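First comes the structure, then the notes that go with it.
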Amino acid sequence: CISEPIDNDKIVRRECPSGLVAEYYPVGNRFVQLSFMESGFTPDPRTHVSAVQKMHVFPDDIIICAYPKSGTHWVYEMTKMLLKGEAEYDPSPKEVAMLEFHSLDIFDGMSRPRVLNSHNPVSEIPRGYIDGKGKVIFVQRNPKDIVVSFYNHMINMHAAFPGTWEDFVYFAVKYGGYFSDWFQYTLDFDEELKRSTEMKCLNIYYEDIKRHETQEVSQIRLGSSIQSKILKTPERKHKTDEHIMDTKRTRNTTIDFLAQKETHINQHDE
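Here you go:
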């Protein structure tokens with residue numbers, strides 16, 4: 001929710017050749033969609049970002065960082081399976097552990113080890129991860145595929161993208177994306193990896209997971225005892241691969257989560 005008035009003089013308007021206009025508001029070194037800020041789905045990023053940056057990080061914390069539609073759900077599910085030691089879905093959706101979606105007290109009550117995630121820039125994740133106090137999984141994907149997946153995701157959500165496919169591509173080419181700038185997001189993360197000497201980060205690629213599921217899953221070092229439990233036999237490896245691939249095809253918790261949150265907000269407003 002909005003914690004302070006919007007300064008109309010700071011609103012940035014971006015227009016497509018078709019006439020579609022999208023409004024953004026500056027937060028730190030990026031622009032946030034004004035409609036999303038005003039929707040009430042998330043805490044006000046103008047105050048929430050600084051709180052997240054100062055958030056305490058435990059040594060066994062894991063955060064999955066990715067630009068939207070890069071495979072966050074997929075990696076989140078496989079990480080939870082590895083921690084549990086069983087190829088079973090976690091009943092809680094990824095969005096429950098998304099830093100930009102909740103006040104910090106939600107995360108304080110989570111059982112450890114915590115698996116968190118965020119689509120925000122690396123400069124906005126808790127500083128403890130940069131200092132090596134937890135583990136980071138950075139998920140990347142071909143940006144052309146991100147655009148296609150993101151467009152389909154947006155038109156299937158309740159708050160559908162109001163334009164055409166051509167409009168969406170225009171935003172991607174001109175500004176790096178309708179949601180946020182993919183180019184800046186990726187470059188900033190790369191620069192942080194070069195600069196930081198302490199951050200424990202695994203780079204993992206969506207396309208590599210598709211080609212070599214077990215090999216890529218095995219890169220996520222969560223402890224040899226945990227890995228050996230779930231991947232110790234060919235049968236268990238096969239079951240894990242099946243669940244991971246099924247997750248990619250069928251699990252889409254975002255729409256359900258946002259629908260539930262919208263219902264809660266509407267009830268609160270009545």
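Residue numbers for the sequence shown follow UniProt numbering, beginning at 1 and rising by one. All C-beta atoms in this analysis are idealised placements derived from N, C-alpha and C, irrespective of residue type, glycine included. Since the structure is predicted, the reported quantities are computational estimates derived from the model, not experimental observations.
### Message
Closest to Asp-7 by C-alpha separation, out of Ser-39, Asn-29 and Arg-46, would be which residue?
### Response
As a position in the sequence shown, residue 7 is number 7, starting the count at 1. Among Ser-39, Asn-29 and Arg-46, the Cα nearest to that of Asp-7 is on Arg-46.
### Message
Rounded to the nearest angstrom, what separates Glu-88 and Asp-61 at their Cα positions?
### Response
Locating residue 88 in the sequence shown gives position 88, counting from the first residue. Locating residue 61 in the sequence shown gives position 61, counting from the first residue. Each residue's alpha carbon lies about 21 Å from the other.
### Task
Can you grab the Cα-Cα spacing for the pair Lys-69 / Tyr-205, in whole Å?
By one-based count along the sequence shown, residue 69 stands at place 69. By one-based count along the sequence shown, residue 205 stands at place 205. Their backbone Cα atoms lie some 12 Å apart in a straight line.
### Query
Taking all protein chains shown into account, do 16 or more other C-beta atoms lie within 10 angstroms of the C-beta of Ser-50, making it buried, or fewer, making it exposed?
One-based indexing of the sequence shown puts residue 50 at position 50. Per the 10 Å Cβ criterion, exposed.
#### Entry: Residue interval of the alpha helix (DSSP H) (run including Pro-143)
As a position in the sequence shown, residue 143 is number 143, starting the count at 1. Residues 143–156.
### Message
Which of the three DSSP states is assigned to Lys-54 in this structure?
### Response
Indexing the sequence shown from 1 puts residue 54 at position 54. For Lys-54, the three-state secondary structure derived from DSSP is coil.
### Query
Are the beta-carbon atoms belonging to Val-21 and Arg-30 less than 8 Å from one another?
What you label residue 21 is simply residue 21 of the sequence shown in a count that begins at 1. What you label residue 30 is simply residue 30 of the sequence shown in a count that begins at 1. Judged by beta-carbon spacing, Arg-30 lies beyond the 8 Å limit of Val-21, meaning their Cβ atoms are not closer than that value.
### Message
If you measure between the beta carbons of Phe-179 and Phe-138, is that distance less than 8 Å?
### Response
The count along the sequence shown starts at 1 and reaches residue 179 at position 179. The count along the sequence shown starts at 1 and reaches residue 138 at position 138. Not in contact: Phe-179 and Phe-138 (Cβ atoms no closer than 8 Å).
### Task
Tell me where the beta strand (DSSP E) around Arg-30 begins and ends.
Numbered from 1 along the sequence shown, position 30 holds the residue referred to as residue 30. First-last of the beta strand (DSSP E) with Arg-30: 30–33.
### Task
Tell me Leu-202's beta-bridge partners as DSSP assigns them.
Here the question's residue 202 lines up with position 202 in the sequence shown. DSSP, once it has assigned bridges, lists Ile-137 as partnering Leu-202.
### Query
Under the three-state reduction of DSSP, which class applies to Ala-66: helix, strand or coil?
Residue mapping note: residue 66 aligns to position 66 of the sequence shown, counting from 1. Three-state DSSP puts Ala-66 in a strand.
### Task
Look at Ser-18 and Asp-190 and say whether their C-beta atoms are less than 8 Å apart.
Position 18 of the sequence shown holds residue 18. Position 190 of the sequence shown holds residue 190. No; because the gap between Cβ atoms is not below 8 Å, this pair is not in contact.
### Task
Under the assumption that Gly-128 contacts His-56 (Cβ atoms under 8 Å), give the Cβ distance between them as a whole number of angstroms.
Numbered from 1 along the sequence shown, position 128 holds the residue referred to as residue 128. Numbered from 1 along the sequence shown, position 56 holds the residue referred to as residue 56. Right, the Cβ-Cβ distance comes to about 7 Å (below 8 Å), so this counts as a contact.
### Task
Enumerate in chain order the residues of its own chain whose CB-to-CB distance from Tyr-185 is below 7 Å, with the five nearest sequence positions on each side excluded.
For the purposes of this step, residue 185 is taken as the residue at position 185 of the sequence shown. These residues qualify, in order along the chain: Tyr-67 and Pro-121.
### Query
Start and end of the beta strand (DSSP E) containing Tyr-24?
For the purposes of this step, residue 24 is taken as residue 24 along the sequence shown, with counting starting at 1. Judged by DSSP secondary structure, Tyr-24 falls within the beta strand (DSSP E) whose first and last residues are 21–27.
#### Entry: Close beta carbons around Lys-210, own chain, < 7 Å, minus the five adjacent residues each side
Here residue 210 corresponds to residue number 210 of the sequence shown, with the count starting at 1. No residues qualify anywhere along the chain.
### Trp-165 versus Pro-59: straight-line alpha-carbon distance, rounded
In the sequence shown, residue 165 corresponds to position 165, counting from 1. In the sequence shown, residue 59 corresponds to position 59, counting from 1. About 43 Å.
#### Entry: Minimum C-alpha distance to Asn-117 - residue among Val-75, Asn-152 and Met-157
The residue you call residue 117 lines up with position 117 of the sequence shown. With distances taken between Cα atoms, Asn-117 lies closest to Val-75.
### Query
For the candidate residues Val-52, Ile-11 and His-48, whose alpha-carbon lies nearest to that of Ser-35?
For this step, residue 35 is matched to residue 35 along the sequence shown. Comparing Cα-Cα distances from Ser-35 to each of Val-52, Ile-11 and His-48, the minimum goes to Ile-11.
### Query
Would you call Ile-2 buried or exposed, if buried means 16 or more other Cβ atoms sit within 10 Å of its Cβ?
Mapped onto the sequence shown, residue 2 falls at position 2. Ile-2 comes out exposed.
### Query
Got a sec? Which residues, its chain only, sit under 6 Å from Tyr-170 by beta carbon, not counting five neighbours each side?
To locate residue 170, count along the sequence shown from 1; it is residue 170. Counting only Cβ-Cβ distances below 6 Å, and skipping sequence neighbours, we find Cys-16.
### Query
Exposed or buried, which one is Val-27 when buried takes at least 16 other CB atoms within 10 Å?
Position 27 of the sequence shown, counted from the first residue, corresponds to residue 27. It counts as buried.
### Query
Do Pro-43 and Ser-103 have their C-beta atoms within less than 8 Å of each other?
Against the sequence shown, residue 43 aligns to sequence position 43. Against the sequence shown, residue 103 aligns to sequence position 103. Closer than 8 Å, so yes.
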